[in-house]
Amino acid sequence: MSDLPLIQADRAVPSPAATTTSTGGRGRRLRLLSRTDRVVITLMVLVPLLLVVALVWLPAVATVALSGTDWDGIGPLSEIEWVGGRNYSDVVNIYPPFVPAVQNNLLWLAALFVVATPFGMFLAVLLDKEIRGSRFYQTALYLPVVLSLALIGFVWQLIYSRDQGLLNAVLGGDTDWYGDPNVNIWAVLIAAGWRHVGYIMLLYLAGLKGVDPSLREAAAVDGASETSTFFRVVFPVMRPINIIVLVVTVIESLRAFDLVWVINKGRNGLELLSALVTQNVVGEASRIGFGSALATIMLVVSLVFITIYLATVMREDRR
Amino acid sequence: MSASTMTREPAADAPAKRRAPLRPARVALHLFLGAVAIGWLFPIIWAVLTSLRSYDYTAANGYASLGGWTFDNYVTAWQTAEFGKHFLNSVWITVPAVLLTLFLASCVAFVIARFSWKLNIVLLGLFTAANLLPQQALLIPLFRLFTEVPLPEFMSDSELLYDSYWGLILVNVAFQCGFCVFVLSNYMKALPRDLYEAAMVDGASVWRQYWQVTMPLCRPALAALATLEVTWIYNEFFWATVLMRSGDKFPVTSSLNNLRGEFFTDNNLVSAGSVLVAIPTLAIFFLLQKQFVRGLTLGASKG
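Protein chains in written order, with the working numbering: chain A, 1 to 319; chain B, 320 to 622.
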């Protein structure tokens with residue numbers, strides 16, 4: 001054992017009992033790392049980090065920076081003009097789809113938050129009991145979660161299509177569910193909710209299973225009914241999960257894109273911020289600065305909730 | 320003494336007693352859940368039913384009818400939309416992306432879990448947040464980046480990151496890494512530290528600790544994550560649509576649009592195509608359901 005590169009000569013072999021995992025112990029170990037080790041560790045962190053920084057964080061910063069410019073995306077970077085907040089005032093004042101898009105995003109959030117998420121939580125509570133067939137119900141509910149949202153748009157098209165859809169065939173009307181701006185956002189929200197409920201149910205069910213059963217037993221011994229047991233004992237204990245569910249709901253509503261894009265590219269009643277950004281890049285006119293202003297708005301809102309999420313999750317970690 | 324044992328027995332009986340008087344409520348529960356489950360399955364069942372019917376029949380008799388069963392839609396969809404080629408494209412993108420994601424994420428997770436440096440929180444935050452950002456918001460710079468960065472010809476026949484498999488692979492890896500880092504670091508932190516003690520006594524380098532000690536123990540988490548990631552990357556639609564231009568390199572999700580006609584859409588054909596696209600994820604889901612669920616719950620709570 002004398003030629004081990006890792007263990008210094010003056011230190012005895014650490015006995016298994018010495019796994020006092022105090023930071024002192026771990027800090028000392030740093031000196032035990034050989035040069036190769038340090039290179040390896042650096043690479044192990046740096047390569048993924050570079051990839052994520054280059055493809056996610058740098059673009060995020062660039063988006064914010066570009067939002068203050070007047071660039072059409074074609075010329076070289078040196079020809080960009082700085083226009084400050086003009087793009088933002090344009091977005092708010094002279095861009096017709098902006099207000100409907102914000103409304104739709106808020107509507108999406110509200111629908112998910114008020115209807116889909118509570119329903120998912122409710123189903124999770126129901127399925128938390130040991131009942132037969134629970135597996136079948138769970139499977140049926142989160143089957144939509146494995147389908148891509150674009151696919152869900154197509155599947156619901158079979159129901160919503162004006163001429164060939166099931167809904168009109170059964171109800172006998174001829175509403176263009178996907179095309180009529182008065183109803184299409186609701187039609188799409190139902191399809192989105194269909195998927196969201198299963199996702200939330202799964203998360204919440206996992207959280208419920210982690211609740212200490214003795215709490216429930218204690219409540220039962222005290223004679224509490226099931227509803228009051230849930231609201232007074234289980235729900236407060238699930239606070240971290242509740243926050244995660246809330247944040248997931250918000251993030252999912254901000255990310256809504258695929259569904260409206262396959263239907264009509266986000267126009268005519270289905271405007272969404274994410275679709276607007278994409279239209280401004282991929283569409284006919286390429287207004288980079290302007291699109292970046294929209295994108296920055298999305299980023300800022302997301303980051304608020306992402307921070308909440310991280311704070312919750314890290315705090316749980318340290319407990 | 321006897322009084323306390325007497326009070327304890329009713330409590331022990333309570334779960335058993337609770338089932339009997341709830342019988343009518345149980346029935347109601349099953350009816351409700353059953354109705355919800357059937358309602359939930361309905362759109363998919365309808366898609367499958369529609370895909371098995373010929374368009375002529377349904378055009379003549381409407382959809383709320385029976386009859387006109389045929390497999391033709393599947394054959395036509397497969398050929399018209401060239402599903403064989405697009406499925407292969409999906410494989411070319413998904414498999415390397417998943418492998419690379421898991422490898423890179425496990426590297427970072429290992430360092431975070433194994434060493435407790437102050438930087439770890441920042442790292443974890445950077446990776447996890449990257450996973451949650453709305454992708455459309457990052458489109459503009461990424462698009463420009465992709466059209467500028469050259470790639471050697473053997474990696475991309477467009478000689479750019481844009482319109483190349485590698486481009487899609489890398490962007491998927493970048494976005495999915497965060498979730499895997501989060502889950503794996505939590506999982507690895509729960510491993511006993513004695514293992515590393517023993518490994519270091521044996522003179523194992525950090526790499527060997529990672530590869531031979533930690534990774535084999537992470538197999539459950541890796542399996543769960545692999546299941547999730549295959550599903551998510553296979554289903555990925557946005558980047559596949561905007562960062563790929565040549566139609567014949569599209570993965571299967573973005574090629575579904577090909578089934579829609581310019582002025583008219585044969586919904587039966589579209590439903591056959593949709594079912595075809597859904598089959599791999601459904602298959603994975605049914606075969607690996609436990610992994611799928613475990614992956615999501617590991618990511619949501621601390622598992």
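C-beta atoms are modelled at their ideal positions from N, C-alpha and C, and glycine is treated no differently.
Report the neighbours of W526/B on chain A: residues whose CB is nearer than 7 Å to its CB, in chain order.
Residues of chain A passing the Cβ test: V40.
Reduced DSSP secondary structure (H/G/I, E/B, other) of P415/B:
DSSP, read as helix, strand or coil, puts P415/B in helix.
Kindly say whether F556/B, judged by its beta-carbon, lies nearer than 9 Å to any beta-carbon of chain A.
For F556/B, a Cβ of chain A is located within less than 9 Å of the residue's own Cβ.
Give the interface partners of T117/A over in chain E, defined as CB-CB distance under 8 Å, in chain order.
Any reference to chain E falls outside this structure, whose protein chains are A and B.
Please report the straight-line C-alpha distance between L303/A and G198/A, rounded to a whole angstrom.
Pairing L303/A with G198/A, the inter-Cα distance amounts to about 25 Å.
Is there a Cβ from chain B that is less than 9 Å from the Cβ of S373/A?
In the structure as shown, chain A starts at 1 and stops at 319, and residue 373/A therefore has no counterpart that could be examined.
Give the DSSP-derived three-state secondary structure of T69/A in the structure shown.
Strand, per DSSP.
With a cut-off of 9 Å, does the C-beta of I243/A fall near any C-beta of chain B?
Interface with chain B (9 Å Cβ-Cβ cutoff): I243/A is excluded.
Considering just the uninterrupted stretch of the alpha helix (DSSP H) at S435/B, what are its terminal residues?
Under the DSSP assignment, S435/B falls outside any alpha helix (DSSP H); it carries neither an H nor an E label.
What are the start and end residues of each continuous beta strand (DSSP E) run of 3 or more residues lying completely inside the region 523–583 of chain B, in chain order?
For the region 523–583 of chain B, not a single whole beta strand (DSSP E) run of length 3 or above is found.
Could you check whether the Cβ of G269/A sits closer than 9 Å to any Cβ belonging to chain B?
It does not; no Cβ of chain B falls within 9 Å.
Is G210/A helix, strand or coil when you go by DSSP?
When DSSP states are grouped into helix, strand and coil, G210/A belongs to the coil group.
Give the interface partners of G84/A over in chain B, defined as CB-CB distance under 9 Å, in chain order.
Those within 9 Å of G84/A in chain B number zero; the least Cβ separation is about 18 Å.
Identified DSSP bridge partners for P97/A
Answer is none; P97/A lacks a bridge partner.
Are at least three pairs of beta-carbons, each pair with one atom in the region 244–253 of chain A and one in the region 101–120 of chain A, less than 8 Å apart?
A contact exists between the region 244–253 of chain A and the region 101–120 of chain A.
I'd like the list of long-range same chain contacts for I207/A, defined as Cβ closer than 7 Å, with 5 residues on each side in sequence excluded.
According to the sequence provided, residue 207/A is Gly. The question's Ile does not apply to it. Within its own chain, the residues whose Cβ lies closer than 7 Å to the Cβ of G207/A, once the five positions on either side in sequence are excluded, are M238, I241, listed in chain order.
Could you give the uninterrupted runs of the beta strand (DSSP E) lying entirely in the region 27–60 of chain A, keeping only those of 3 residues or more?
Fully contained in the region 27–60 of chain A is no beta strand (DSSP E) run of length 3 or more.
Determine the chain B residues that contact I159/A at a beta-carbon separation under 8 Å, and present them in chain order.
Correct list: P362, W365.
Just to check my reading of the structure: L360/B and A219/A have Cβ atoms closer than 8 Å, yes? What is that Cβ distance to the nearest angstrom?
Not quite, the Cβ-Cβ distance comes to about 35 Å (not below 8 Å), so this is no contact.
Taking only the alpha-carbon atoms, compute the straight-line gap between R564/B and D482/B and give it to the nearest angstrom.
Using only the alpha carbons, I get a separation of about 5 Å.
With a cut-off of 9 Å, does the C-beta of D90/A fall near any C-beta of chain B?
Not a single CB atom of chain B sits nearer than 9 Å to the CB of D90/A.
So, does the CB of L310/A fall closer than 9 Å to a CB anywhere in chain B?
At least one chain B Cβ lies under 9 Å of L310/A.
Taking T395/B as the query, report the chain A residues whose CB atoms sit under 8 Å from its CB, ordered along the chain.
Residues of chain A passing the Cβ test: none, with the nearest at roughly 16 Å.
With DSSP run on the structure shown, which of helix, strand or coil describes P469/B?
Three-state result, P469/B: strand.
Using a Cβ-Cβ cut-off of 9 Å, state whether R342/B counts as contacting chain A.
Taking Cβ atoms only, chain A never reaches closer than 9 Å to R342/B, which makes this a no.
According to the Cβ coordinates, are M44/A and C426/B closer than 9 Å?
Against a cut-off of 9 Å, the Cβ pair of C426/B and M44/A comes out as a contact.
Give the residues of chain B in contact with V282/A, contact being defined as C-beta atoms less than 7 Å apart.
What V282/A touches in chain B: V561.
Name the two residues that bound the continuous alpha helix (DSSP H) containing M519/B.
513–520 is the span of the alpha helix (DSSP H), which, as asked, contains M519/B.
Cβ closer than 8 Å: which chain A residues qualify as neighbours of C496/B?
Those are P48, L51, V52, listed as they occur along chain A.
For chain A, find out if any of its Cβ atoms is closer than 9 Å to the Cβ of W411/B; answer yes or no.
For W411/B, no Cβ of chain A is located within less than 9 Å of the residue's own Cβ.
Evaluate A110/A with the Cβ neighbour count: other Cβ atoms within 10 Å of its Cβ, from every protein chain shown; 16 or more gives buried, anything less gives exposed.
By the neighbour-count criterion, in which 16 or more other beta carbons inside 10 Å mark a residue as buried, A110/A falls on the exposed side.
So P343/B is in the alpha helix (DSSP H); what residue range does that whole segment cover?
342–370 is the extent of the alpha helix (DSSP H) around P343/B.
In this structure, how does DSSP classify L479/B when only helix, strand and coil are distinguished?
Under the three-state reduction of DSSP, L479/B is assigned to strand.
Expressed to the nearest angstrom, what Euclidean distance is found between the alpha-carbon atoms of E555/B and L127/A?
Taking the straight line from one Cα to the other gives about 30 Å.
Whether V612/B touches L123/A by CB criterion (9 Å):
Using a Cβ distance threshold of 9 Å, V612/B and L123/A do not count as a contacting pair.
Residue from A378/B, A344/B, F402/B whose Cα sits closest to the Cα of L575/B
The shortest CA-to-CA distance from L575/B to any of A378/B, A344/B, F402/B is the one to F402/B.
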